[in-house]
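In my numbering, the protein residues as written are 342 to 520.
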């Protein structure tokens, strides 16, 4: 009975050819391998925070949390929904099902929450956060005695200058007061 090993021992040209195929294939695979030092990983978690100024936890629960939960219940690909009523607002955390598209679900969440018209008048605009592994490398804070519009313009100019650098892939401007 002839085994494949016996055949390759008796046919050294075939064994050398197979070895070269594996070496070339491995080298090509190595060249096409994507490597990132800090890959962007979506954790599949979205947080919605609704500030409710001056509210007790009980008022936050009845005025905001219950309405948030009702709005988020019908969205597909949500695995778990957890809401926390606190003094001054409500935080709802949405855990997505495996394989769910984070951006699609985030858009659905924004659409449903922005469509709620029964929030108390003391609530502020909802704040949405999608969690990923992308972390800040640098944080820059600007302050000035000038008006907010001038400060916003300077921040946008700095952002544009940083994005012109090849080494910078993303710049976010946060905590801008509405003008």
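Glycine included, every Cβ here is placed at the ideal spot set by N, Cα and C.
Keep in mind the model is a prediction, meaning the values are calculated, not measured.
Would you decide whether residue i is buried or exposed? Buried here means 16 or more other CB atoms lie within 10 Å of its CB.
{"i": "residue 560", "result": "Not covered by the structure: residue 560. The range shown for the chain is 342 to 520."}
{"i": "residue 478", "result": "exposed"}
{"i": "residue 426", "result": "buried"}
{"i": "residue 367", "result": "exposed"}
{"i": "residue 467", "result": "buried"}
{"i": "residue 430", "result": "buried"}
Going by DSSP, name the residue or residues bridged to residue i.
{"i": "residue 422", "result": "435"}
{"i": "residue 386", "result": "436, 472"}
{"i": "residue 430", "result": "392, 427"}
Mind reading off the beta-carbon distance from residue i to residue j? Whole number of angstroms is fine, and I expect it under 8 Å.
{"i": "residue 396", "j": "residue 404", "result": "7 Å"}
{"i": "residue 398", "j": "residue 464", "result": "Going by Cβ atoms, the distance from residue 398 to residue 464 rounds to 15 Å, so no, they are not a contact pair."}
{"i": "residue 413", "j": "residue 433", "result": "7 Å"}
{"i": "residue 470", "j": "residue 388", "result": "5 Å"}
{"i": "residue 449", "j": "residue 499", "result": "Wrong, their Cβ atoms sit about 34 Å apart, outside the cutoff."}
Leaving out the 5 sequence neighbours to the left and right, which residues in its chain are closer than 7 Å to residue i when beta-carbon positions are compared?
{"i": "residue 420", "result": "436, 437, 438"}
{"i": "residue 451", "result": "469"}
{"i": "residue 523", "result": "Within the shown structure, residues of the chain are numbered from 342 to 520, placing residue 523 beyond reach of any answer."}
Taking the continuous alpha helix (DSSP H) assigned at residue i, which residues delimit it?
{"i": "residue 494", "result": "489 to 504"}
{"i": "residue 440", "result": "Taken as a continuous stretch (DSSP letters only), residue 440 belongs to no alpha helix (DSSP H), as it is neither H nor E."}
{"i": "residue 482", "result": "Per DSSP, residue 482 belongs to no alpha helix (DSSP H) and is neither H nor E."}
{"i": "residue 401", "result": "398 to 401"}
{"i": "residue 461", "result": "Residue 461 -> no alpha helix (DSSP H), and no H or E assigned at all."}
{"i": "residue 415", "result": "Where residue 415 is concerned, there is no enclosing alpha helix (DSSP H), given that its DSSP letter is neither H nor E."}
{"i": "residue 375", "result": "It is not in any alpha helix (DSSP H) - residue 375 carries neither H nor E in the DSSP assignment."}
{"i": "residue 347", "result": "345 to 351"}
Output needed for residue i: all residues of its chain with C-beta closer than 8 Å, excluding positions within five of it in sequence on either side, in chain order.
{"i": "residue 485", "result": "491, 492, 495"}
{"i": "residue 428", "result": "396, 397, 398, 401"}
{"i": "residue 410", "result": "422, 424, 433"}
{"i": "residue 456", "result": "412"}
Below 6 Å CB to CB, which residues in the same chain sit around residue i once its five sequence neighbours on both sides are set aside?
{"i": "residue 472", "result": "384, 386"}
{"i": "residue 418", "result": "437, 438, 441, 446"}
{"i": "residue 406", "result": "424, 426, 431"}
Using 7 Å as the limit for Cβ to Cβ distance, is residue i near chain B?
{"i": "residue 490", "result": "Note that chain B does not occur in the displayed structure, where there is just one protein chain."}
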